[in-house]
DNA sequence: TCTTAAAAGATAGCGGTGTTATGTCATACT
DNA sequence: AGTATGACATAACACCGCTATCTTTTAAGA
């Protein structure tokens, strides 16, 4: 009348091993057989716990969203909301560079071995934007940005930084237009485009650079 | 002393069939066996002509770059360089939406069944930016953009539009921040960020919208 | 024109993938 | 204590990219 309980340790081990393989060796290293072997179990474990490889990938995607949320949570609110906004951009990039193989699965149009995001998955991703939306609101309140719909302002920042990070991960950004150089120009342009003055935007982005280097440590390079 | 010549018709047929499968059914439909079967030949043809599946994918990527180049070539040079710049952004997006499965392989960090871009491949992609670089120069000459390095200005536009297109293809842009709405806001923000006034930027982007709808026809929706 | 070398292409196989059918066994409730 | 039920192991299926092997075709040289 009562079944055998599944081992939660096995479940966690599968996710951890999958994440490690994805991180260290890339998407091609992900296979039910290899993960099961490293976990000391059989491929069936992947199906009982996750319903298949897609379910396991989905679990790693959710872990990726949690990491992005944590990264955003480390951004402190200061009296310079524009510098804060720039810092969110840096934090977003930092998370992507720390998880270079996971990021394209989360936000790229990419399908990994048939895996495809569901609308619910994407909603988890969009949820992380809320911090940026609030920050955009503070920029408008402080008269640094012109009056606008905060969601759209946040989206513009997201699109711009996502584009940079995406092409950076694809090795498309080379000298003299390196990702570092593009990021600074991109952030300043975003702030000016949102309504800030060139002088104030340049200053706040520079402030955020110093603050980010101090609080977060040097950005991890791949 | 002379070998049998390979049939160029077979080669073209393989590329065409591969492109059709990728376009209609997505990356999972691409397989040597299926392509060979539809071409009425064997899987070996893929290896004699392209050295493997990767070579065939590379051929399709180059075809994608040619299409982007052709799309850019249709952008006419007018006396409003800022409107021209916006039109390049629309053309870029149009090409991506017309080839939704090919685009992420060309510019996404994505690897399709182990396929990875070479530095030479990426150089072909970057080459298409030259039109935009020239256009940025005209914007600066016309005093619409502030003095800046034209390559960096072009990169900022590329990154921003790529980010939009990339997330649009990933179905991340939904009401009320649809890709259409984001594009208009993004383009205006870009022009202002590059130095244009809010008034002039809004006008030129609107001009480019009308021109694009007229010259290019309605944008293809997926 | 005939010979022949060399590459094209067909066939079959290898090792790999995700997934599933089947069988065994541990477990928690009646 | 007995039993039903789901976790897990094993093995197989259909597919993948790729390659070794073989046959066939072709065009250059004699």
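Residue numbers (our numbering), protein chains in the order written: chain A, 1 to 222; chain B, 223 to 444.
Glycine included, each C-beta is placed from N, C-alpha and C at the ideal position.
Note down, in chain order, every chain B residue with its Cβ under 9 Å from the Cβ of residue i.
i: residue 192/A; result: 411, 414, 415, 416 and 417
Indicate the three-state DSSP secondary structure (helix, strand or coil) for residue i in the structure shown.
i: residue 145/A; result: coil
i: residue 115/A; result: coil
i: residue 46/A; result: helix
i: residue 330/B; result: coil
i: residue 175/A; result: coil
i: residue 323/B; result: coil
i: residue 6/A; result: coil
i: residue 317/B; result: helix
i: residue 40/A; result: coil
i: residue 350/B; result: coil
i: residue 196/A; result: coil
i: residue 74/A; result: coil
i: residue 301/B; result: coil
i: residue 222/A; result: In this prediction, residue 222/A has a pLDDT of 46, which is less than 50 and means its spatial position is unreliable; nothing more can be read from the coordinates.
i: residue 430/B; result: helix
i: residue 245/B; result: helix
i: residue 359/B; result: helix
i: residue 392/B; result: coil
i: residue 373/B; result: helix
i: residue 190/A; result: helix
i: residue 311/B; result: helix
i: residue 18/A; result: helix
i: residue 64/A; result: helix
Using a C-beta to C-beta distance shorter than 7 Å, which residues of chain A count as neighbours of residue i?
i: residue 393/B; result: 122
i: residue 377/B; result: 177 and 182
i: residue 381/B; result: 160, 163, 164, 167, 182 and 186
If contacts are defined as beta-carbon pairs under 8 Å, then residue i and residue j qualify, I think. What distance do you get, rounded to the angstrom?
i: residue 330/B; j: residue 368/B; result: Rounded, the Cβ-Cβ distance is 32 Å, inconsistent with contact.
i: residue 426/B; j: residue 308/B; result: 6 Å
i: residue 282/B; j: residue 241/B; result: 5 Å
i: residue 140/A; j: residue 415/B; result: Wrong, their Cβ atoms sit about 17 Å apart, outside the cutoff.
i: residue 315/B; j: residue 383/B; result: 6 Å
i: residue 39/A; j: residue 10/A; result: 7 Å
i: residue 103/A; j: residue 169/A; result: 7 Å
i: residue 303/B; j: residue 348/B; result: Wrong, their Cβ atoms sit about 21 Å apart, outside the cutoff.
For residue i, go through chain B and note every residue whose CB falls closer than 8 Å to its CB, in chain order.
i: residue 166/A; result: 329, 330, 331, 384, 385 and 388
Distance, Cα to Cα, residue i vs residue j?
i: residue 156/A; j: residue 36/A; result: 42 Å
i: residue 79/A; j: residue 208/A; result: 12 Å
i: residue 235/A; j: residue 432/B; result: Residue 235/A lies beyond the stretch modelled for chain A, which goes from 1 to 222, so this question has no answer here.
i: residue 123/A; j: residue 97/A; result: 22 Å
i: residue 32/A; j: residue 48/A; result: 12 Å
i: residue 84/A; j: residue 154/A; result: 13 Å
i: residue 223/A; j: residue 133/A; result: Outside the displayed span of chain A (1 to 222) sits residue 223/A, for which this structure offers no information.
i: residue 336/B; j: residue 248/B; result: 16 Å
i: residue 278/B; j: residue 412/B; result: 37 Å
i: residue 6/A; j: residue 106/A; result: 28 Å
i: residue 393/B; j: residue 120/A; result: 12 Å
i: residue 143/A; j: residue 251/B; result: 52 Å
i: residue 352/B; j: residue 201/A; result: 28 Å
i: residue 175/A; j: residue 266/B; result: 40 Å
i: residue 214/A; j: residue 68/A; result: 19 Å
i: residue 339/B; j: residue 58/A; result: 26 Å
i: residue 268/B; j: residue 110/A; result: 24 Å
i: residue 21/A; j: residue 226/B; result: 46 Å
i: residue 177/A; j: residue 373/B; result: 8 Å
i: residue 188/A; j: residue 73/A; result: 23 Å
i: residue 149/A; j: residue 34/A; result: 48 Å
i: residue 136/A; j: residue 88/A; result: 11 Å
i: residue 230/B; j: residue 173/A; result: 36 Å
i: residue 101/A; j: residue 16/A; result: 15 Å
i: residue 50/A; j: residue 42/A; result: 13 Å
i: residue 179/A; j: residue 198/A; result: 21 Å
i: residue 381/B; j: residue 158/A; result: 11 Å
i: residue 234/B; j: residue 206/A; result: 53 Å
List the residues of chain A whose Cβ lies closer than 9 Å to the Cβ of residue i, in chain order.
i: residue 374/B; result: 176, 177, 181, 182 and 185
i: residue 348/B; result: 172 and 174
Three CB pairs or more closer than 8 Å across the region 61-79 of chain A and the region 160-168 of chain A | Short answer: they don't touch.
Count the C-beta pairs between the region 406-420 of chain B and the region 175-183 of chain A that are closer than 8 Å, then say yes if the count reaches three, no if not.
-> No, the region 406-420 of chain B is not in contact with the region 175-183 of chain A.
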